[in-house]
Structure formats: structure tokens, C-alpha cells
Amino acid sequence: MGLTHYEVALAGVNLTAGLLSTIGTSFIIVCYFIRHLHAKAHFRHQLILNLVVADFVNSINASVSGSWILAHKRRLEPGGKCTANAFISQVSVQATDCAVLAIAIVTVYSIVNVKRLIRSRRTHHKLVFFTCAATWLLPLTTASIALGKNWYGPVSGNWCWLISEPFYIRYVLTHGWRFVFFIAEISLYTYLFIYTRRMNRVRSLYACHKCASSNSAHSSGTSATDESQCTLEECPAHISCNNCSDPHSKEAKNFSTMDQAESGAINCITTFEVTKIMLMNAYPLSYMILWIPGIINRIIEATGHSSHVSQLLQASTQFIGLANG
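With this note's numbering applied, the sequence shown closes on residue 354, and no number is skipped along the way.
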């Protein structure tokens, strides 16, 4: 059956978005391996690479099916090729869901447990590796269940995916998990926002206490040295103090009881390091925004209706790879 003008336009928009995401993710993957040849990869890069690989697989999968639609001027039909396309779509899209959640979890863990990160960097890299590997377990499981139940077929868009009937299939295998992940990510970053504000205050108070103690020692003719050492690899910035608090104040006395490891950890939580880790927040944020139109369209379809507007806006999901790149 031939395509209407609207379907051709819809396929073109989705294909364009898919190709752009394919190019964007390919560029990031190449850059990663070039960088890896010259420098040891940071754990952030491992997490981002895992996300980009999932995006790349999804983008190229949708681009292939979209190219077929425009080349043959026909809709996708049920069959072996459609099933393969749907299986890859389910795995790659849900792997992106899990990868974004993993980024949120590791970001919060890295900030909150900075002392453990400093002491066991090698263990931390192993943890990130296993975290990345684990992000593919749920997608492979749900995709295999759908394959065994023969729940794959053509859907609105340039790809095959889970069929719309019975309606609960998409929510049990995909959307339900996504909603849970969204709630978890929002909760994690809300907690992280509150925590970093508190740590900024702690860091300022600690710096002022050190400054005040140093000034006090200097005025008494004795020398004061900071015995805490920063062992974090990326800690180029130093904490400075302009307005020193009273070293005899209650808050200052609380910091005087800190052990060496704790004070060293606070010194190492520099704005530079935290800012780089916090930049990873952009991945979940852009991901959730770009998925909103797609979720709305699937909800409309679950009610037994369809909307040209929501189907067109659903193309935003194909830009996720480009945004993550």
C-alpha cells in the first residue's frame, strides 16, 4: 500500500532526525577512542560512551527502516525483517533508558561518596564498568519476552516495535519502566541539588576556618601547614577565602575536629571537579524533555485514537542521539 503525502513527510522528518543522531553519535564514539589512545578515560566518559552506543544502535536501526520506507514508498509490513528491527529498537531504546538512570545514580554516588572515590579510584572504574554492562540486562530481557510472545509489528514512525494491542504490553515492557526511571532521576537530582548546596556551605566554612587559623598562627609567630593532601587526579583549583570567620566560633570549632582524610576530601571537592560531574545532568534532562512528545503519542494510541500532530512531534525522540552526542 502506497504512502500518503503526510506519511512521506512524517517518514522524512523521522529519517532526517535519525541520520543526524547517527552522525552525532558516530562522531562521539570516534572521539572517545581517539582520546583513549592518548589518555586514560575518566569514569564519566565510560558512562557517556555506554549511552552513546545505545543511541547509535537505535539511530542507525531507525535510519535503515526509514530509508526502506522512502525508497519503496510503502509502509513496513510484519515479518522477519520487521521483527528484527523491532527487537533492536526495544533493546536500544530501553538500554538508553537504563544508561540515563545509571548516569544519574553514578553522578550522585560520586558527589556524595567523594572520599571513597578518592581512596579507591580503580575500584570505582570497575563499578562503572559493571554498571554499564548491567544497563543491557533489562532491555535484553524485555526484548526477548516480546520476541517469544510475538508482540512485534509495525507502528507509527519509521520503525517496528511493540504492537499496540493488548495496550498493557508497551507499559509493562517499556513505558512503565521509563516512568519509574523518570521519577528516580528527578528524585536523585533533587537530592543532589540539596546536597551540593549544603556541601558548598561546608566547603566555605572549612576554607574560612583554615584561613582564620592560619592568620591566627601567623600573628602568634608560629607556622601553620595544611597536612591534608589532595589525591584526586583532577583537582586543579584551590579553595580561597576572602572573609575569614572567627576561628573561635562554634562553626569553626566543628571543623577543627575533622580528621585528615575528611578535610582532604573537602579540599578535593573543588568547583571544577563538581562542575564537570554535574554537567552529566544535561543527559537525563534533555532525554526526558525529548521523550515527552513520544510518550504523549503512545498514550493517545493506547486510547484507540491517533493524532497527526503527536505523531509528527514524536520525531523528537529520534533527536535523543544527537542531543546526547
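Glycine residues also receive a C-beta, built at the ideal position from the N, C-alpha and C atoms.
Since we're looking at a predicted model, the values are computed, not measured.
Check: Suppose you measure from the CA of LEU167 to the CA of ALA83; what does that come to, to the nearest Å?; Outcome: 13 Å
Check: Could you have a look at ARG104 and say whether DSSP puts it in helix, strand or coil?; Outcome: coil
Check: Please state if the CB of ASN326 and the CB of SER315 are separated by a distance shorter than 9 Å.; Outcome: no
Check: Who are CYS127's beta bridge partners in DSSP?; Outcome: CYS127 pairs with nothing; no bridge assigned.
Check: Just to confirm the assignment, what range does the alpha helix (DSSP H) spanning PRO168 have?; Outcome: 166 to 178
Check: Among SER339, HIS204 and THR136, which has the Cα closest to the Cα of TYR35?; Outcome: SER339
Check: Less than 6 Å between C-beta atoms, sequence neighbours within five positions excluded: which residues of the same chain meet that for THR112?; Outcome: TYR181
Check: Going by DSSP in three states, TRP190 sits in which element: helix, strand or coil?; Outcome: strand
Check: What is the DSSP secondary structure of GLY360, counted as helix, strand or coil?; Outcome: Residue 360 lies beyond the range of the chain shown here (30 to 354); nothing can be said about it.
Check: Between TRP320 and ARG64, what straight-line distance do the alpha-carbon atoms span, to the nearest angstrom?; Outcome: 31 Å
Check: Which residues does DSSP list as the beta-bridge partners of PRO313?; Outcome: Partner(s): none; PRO313 has no beta bridge.
Check: For GLY31, does the three-state DSSP call read helix, strand or coil?; Outcome: strand
Check: For ALA40, which residues from the same chain have a beta carbon less than 8 Å from its beta carbon, with the 5 sequence-adjacent residues on both sides left out?; Outcome: LEU32, GLY95, ILE98, LEU99 and ASN187
Check: Given a threshold of 16 other Cβ atoms within 10 Å of its Cβ, counted over all protein chains shown, does ASN179 qualify as buried or as exposed?; Outcome: exposed
Check: Residues in the same chain with beta-carbon distance under 6 Å from THR51, minus the five sequence neighbours each way, listed in chain order, please.; Outcome: SER88, ILE89 and SER92
Check: Using the Cβ count rule (16 or more neighbours within 10 Å means buried), how would you classify HIS204?; Outcome: buried
Check: So the candidates are TYR220, TRP206, SER193 and VAL209; which of them puts its Cα closest to the Cα of ILE329?; Outcome: SER193
Check: Considering GLY182, what are the terminal residues of the beta strand (DSSP E) in which it resides?; Outcome: 181 to 183
Check: Return helix, strand or coil for GLY333, following the three-state DSSP convention.; Outcome: coil
Check: If I measure Cβ to Cβ from THR164 and keep anything under 7 Å in the same chain, skipping five residues before and after, which residues do I get?; Outcome: ASN79, ALA124, CYS127, ALA128 and ALA131
Check: For a test of the three-state rule: what should DSSP assign to ASN114, helix, strand or coil?; Outcome: helix
Check: Note down the Cα distance separating ILE58 from ILE349, rounded to an integer number of angstroms.; Outcome: 15 Å
Check: Around the Cβ of ARG199, are there at least 16 other Cβ atoms within 10 angstroms (buried) or fewer (exposed)?; Outcome: buried
Check: Are the beta-carbon atoms of ALA344 and ASN114 separated by less than 9 Å?; Outcome: no
Check: For a test of the three-state rule: what should DSSP assign to ASN87, helix, strand or coil?; Outcome: helix
Check: Go through its chain and collect everything with a Cβ distance to GLN75's Cβ below 8 Å, but skip five positions before and after it.; Outcome: HIS154, VAL157, PHE158 and CYS161
Check: Look at the alpha carbon of ILE215 and the alpha carbon of LYS102, and state the distance between them as a whole number of angstroms.; Outcome: 42 Å
Check: Are the beta-carbon atoms of LEU221 and VAL135 separated by less than 9 Å?; Outcome: no
Check: Quick one: using the 10 Å Cβ neighbour count with 16 as the cut-off for buried, is ALA38 buried or exposed?; Outcome: exposed
Check: Here's the rule: buried if 16 or more other CB atoms are within 10 angstroms of the residue's CB, otherwise exposed. What is GLY108?; Outcome: exposed
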